[in-house]
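**Q**
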Amino acid sequence: MKSISIISILLLLCSCQNPKDSHLQKHEFKIPNAYDLEIICKEPTVNAPVCMDFDEKGRIWIVEMRSYMPNIEGSNEKSRNNSIKILEDENHDGIFEQAKIFLDDLILPRSILHAYGGLVYSEPPNLWHIEINNDRPGKKTLIDSTYAVDGNVEHQPSALTLNMDNWIYSSSSNVRYQKKKGKWIKEYTTPRGQWGMTNDNFGRLIYNNNSTLIAHDEIIPNALFSNEYLKLKENICQIITDHHRVYPLQATAVNRGYQEGVLDSNEYLINTTSACSPVFNRNKHINDWNHSAFVCIPEINAIKKLEISQDGFSNYAIQQDTSSEYIITMDEGFRPVDLKIGPDGFLYIADMHRGIIQHKAYMTSYLREKILGKKLDTITEMGRILRFKPSEILPLEMNDISVDPIALLYSNNAFYRDKAQHYIIQNNKQELAEKIRSKLKTENVEINILHSIWTLEGLNILLESDLIPLLEKDMLHVSYHALYLLSKMNIQNKDFLKLICNNLIKKKVPELDRIMAHFIGKLNLFSNEELFDIYKTIIARSNEAAKSAEGIIANHPKNKVALLTTLSEQSSLNFSSFKEILETTLERKREGKEVYYYNDNLNLEDRRTVGMELYRTFCATCHGIDGEGQNQLAPKLIDSKYVAGDEDRLILITLHGMIGPINIDGKQHQFSGEMTGLNDNEELSDTDIKDILHFVRNAFTSAPYSIEESRINELRKIKPANGGSFTSESLDSTIQTLKKL
């Protein structure tokens, strides 16, 4: 591990800016020795970049989300002032001085991906594919009209990722997409992560959420996605680090800093609250980055580096240096929100460079006060793209994929491996099939074999004869991928495959046992008695019986459930986890309750955003968008005892209204108008009222989210005696009566 020191990095300004603004600026960053951090493009050329992607020419395409939290109120969030731009380094000096607008007038675009001869991009609620004609938009095709519902940007699908299995995945989504024979295919998958996604060299997805640094699937996507009553959790969504500590340089403004355990005695953040956009380095040309992942920690203006070690199917992540972050600054405008490893092998950083990154629907009054106190709300209309690299290591070579896609399919550069696979499939290069098959027979590098079989699969010409011989290689992930693909085929050479499977079981290797458990039932090679004995043997000797059990239940033939029930009756302790998973799955089946992510887009309503919108519709006119109230018209809600205090009191006021003088901070206040209750508004349900009150409590006080819909329904019937609104006195009397009940 290289030592860490404070250095000053030179901020290089884009040459297309006004010459008067081209003076050099310096900001202090803490980064490893012998590394360079360069700003390769900045405002006004870019503004609030939230994600990026590289095209085959090495140009950077960015999404600008200028309308996200431009001020403390988050005004005009749905303004059409967002863009997708192409950044170019025209004179090859390393600075991307030229920006072209590809698409403009967008509402909260989320993510982009170069695929299928064009650009896939999201603009809620839609997912689009648009052809690129000389850097101009061409034919536009709607892929999915329900890709992302309106709501909090932080919790909507993002990070479009084309995986090794030829499917496009998104974080915070349970849908995947692929284009076959000119038509877009949509399938369901397990939901993963929050903002950002990456993958490893074995086609497994890696992601995180705001309070979890890094998690991953131990297996390839949808390998066990066969039983709609089984909720997968043993083989996917595994958190792979023991702690989520961060190491800020200064006091941190975070949403719930007042809660115990969030900040230390110096008001430094203890654990991450906004981790996002991990990227796994899949190249080997930078020794310090081998088996490393990088994670954005925008709340402390930092990027974390984690070392990833592998044990069978499991990964484990640790931070070698527990005294500092890999990249960190005192500049509170530095907001890394997307990371990519470029075609040159270096780390690229999309820095939104904005003071406020907390969505308005979730912002607490505590954070609001901190933001205004630090004047973070003044950091707007900015943005940077940075490049981080070792000082003495040259970039990887740029290539033209069309010249020799086969060579690049087996390149040491992960960017070109992926691009070559997709190029061959997208352009239906059937003439390359024999070269790939020939390579498949002689290749001994696991990653190259995997790219070969998935390229053949994408061309729709993968054969069982391509896969079965691979099972005799001593390669864990090759065996898993091969058996998964074989389990989807109508096997002809059953005897030979059965012989190989029996030999693999006889090896008594835990990882091979797990593979067999996952697919042996779906291969349709064994009789019931043979299958029972295999299952029993594998579970009995497994150190991770639950992971094998989940695979058995997922892919076991649905017409042979009795076999599984008999298996669950085994007395060994190892079978207890099998029994528990099976019983839960069968109970769901009896009740007809499919697991929620199997058959429909998640599109879970963001109720906090719903509450915010309802508040602004029904309450903000008098109480103000900021909860500050209006003189002589309505009291303030910020830090109000009426909001943070007794729940019944708050519900009754909201439902039935209030009139007359009220006591605020020990003083009597008389307001000119009567607060009208929401009880008689037929448009508002108990859920709506709860959403309003939870938003108000979160936004203007530190009170908990503890209001129940059932209590709202009960208190609808407790009306003021005079038939109008409550007075302060009648409300107090009613509360006392309720407490006696």
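Numbering of the sequence shown is given in the working numbering, commencing with residue 559 and proceeding in unit increments.
All residues carry an ideal CB built from backbone N, CA and C; glycine is no exception.
None of these values were measured; they are calculated from a predicted model.
1) Quick one: residues in its chain with C-beta nearer than 8 Å to the C-beta of C574, no 5 flanking neighbours on either side, listed in chain order?
2) Mapping the DSSP letters down to three states, classify W686 as helix, strand or coil.
3) Could you check the C-alpha separation between R1269 and H1214 for me, to the nearest Å?
4) Candidates V711, F1253 and N1117: which alpha carbon is nearest C1177's?
5) Once DSSP output is grouped into helix, strand and coil, what is the label at M755?
6) Quick check on K918: buried or exposed, where buried means 16 or more other Cβ atoms within 10 Å of its Cβ?
7) Is K863 near the ligand ZN, judged by its Cβ being under 7 Å from some heavy atom?
8) Using 10 angstroms around the beta-carbon of G761, count the other beta-carbons present and answer buried if the total reaches 16, otherwise exposed.
9) Taking DSSP as the reference, what is the three-state secondary structure of H843?
10) Quick check on the burial criterion: 16 or more other C-beta atoms within 10 angstroms. Buried or exposed for G740?
11) Take I798 and list the residues in its own chain whose beta-carbon comes closer than 8 Å to its own, dropping the five residues that flank it on each side.
12) If you measure between the beta carbons of E1232 and S1283, is that distance less than 8 Å?
13) Output yes or no for whether 8 Å exceeds the beta carbon distance between H687 and Y705.
14) Going by beta-carbon coordinates alone, are F973 and F612 separated by less than 8 Å?
15) Rounded to whole angstroms, what's the CA-CA distance from Q583 to E939? Just pull it up for me.
16) Quick one, which of I794, L954, L671 and I1078 has its alpha-carbon nearest F904's?
17) So which of S641, N766 and D1032 has the shortest CA-CA distance to C854?
18) For Q1294, count the other beta carbons within 10 Å of its own beta carbon; 16 or more makes it buried, fewer makes it exposed. Which is it?
19) DSSP beta-bridge partners for M610?
20) What would DSSP say about H1076, mapped onto helix, strand or coil?
21) Look up K933 in the DSSP assignment and say whether it is helix, strand or coil.
22) Which full runs of the alpha helix (DSSP H) of 4+ residues lie inside the region 1149-1205, going along the chain?
23) Where do the N-terminal and C-terminal ends of the alpha helix (DSSP H) with T922 fall, by residue?
24) Below 7 Å CB to CB, which residues in the same chain sit around L1025 once its five sequence neighbours on both sides are set aside?
25) Taking the straight line between their C-alpha atoms, what separation do you get for T748 and K1118?
26) Run through the region 690-716 for me and flag every whole beta strand (DSSP E) of 3 or more residues, listed as ranges in chain order.
27) Can you give the Cα-Cα distance for L925 and I1196, rounded to whole angstroms?
28) Quick test of your reading: P682 and Q714, contact by CB under 8 Å. State the CB separation rounded to the nearest angstrom.
29) In the DSSP assignment, what residue or residues form a beta bridge with P948?
30) So, with DSSP's three-state summary, where would you put N1117?
31) Can you give me the C-alpha to C-alpha distance between R893 and I726, rounded to a whole angstrom?
32) With a cut-off of 8 Å on the beta carbons, I'd call I500 and L1028 a contact; round off their distance for me.
33) Using DSSP's beta-bridge definition, name the partner residues of I886.
34) With a threshold of 8 Å, are at least 3 pairs of Cβ atoms found where one atom belongs to the region 819-828 and the other to the region 882-897?
35) Cα separation between S641 and N970?
36) Could you tell me the alpha carbon to alpha carbon distance between N1237 and S1288, rounded to whole angstroms?
**A** A quick look at the data gives this:
1) In this prediction, C574 has a pLDDT of 40, which is less than 50 and means its spatial position is unreliable; nothing more can be read from the coordinates.
2) W686 carries a strand assignment under DSSP once its states are collapsed to helix, strand and coil.
3) Answer to the nearest angstrom: the Cα atoms are 14 Å apart.
4) F1253
5) strand
6) buried
7) Although the ligand ZN was asked about, the structure shown includes no ligands whatsoever.
8) buried
9) coil
10) exposed
11) Excluding residues within five positions, the ones whose Cβ falls inside 8 Å are I772, A773, H774, I866, S872, N873, Y874 and A875.
12) yes
13) no
14) yes
15) For Q583, the predicted model reports a pLDDT of 39, less than 50, meaning its position is unreliable and no value from the coordinates is stated.
16) L954
17) N766
18) It counts as exposed.
19) I620
20) helix
21) Note: K933 maps to coil in three-state DSSP.
22) Within the region 1149-1205, the complete alpha helix (DSSP H) runs of at least 4 residues are 1165-1176, 1178-1181 and 1199-1202.
23) Run containing T922: none; DSSP gives neither H nor E here.
24) I1011, A1040, L1043 and L1044
25) 25 Å
26) Counting whole runs of 3 or more residues, the region 690-716 contains the beta strand (DSSP E) stretches 694-702.
27) 12 Å
28) 6 Å
29) Y593
30) helix
31) 27 Å
32) Absent from the model: residue 500. The displayed extent of the chain is 559 to 1299, so no value can be given.
33) K588 and A860
34) no
35) 34 Å
36) 18 Å
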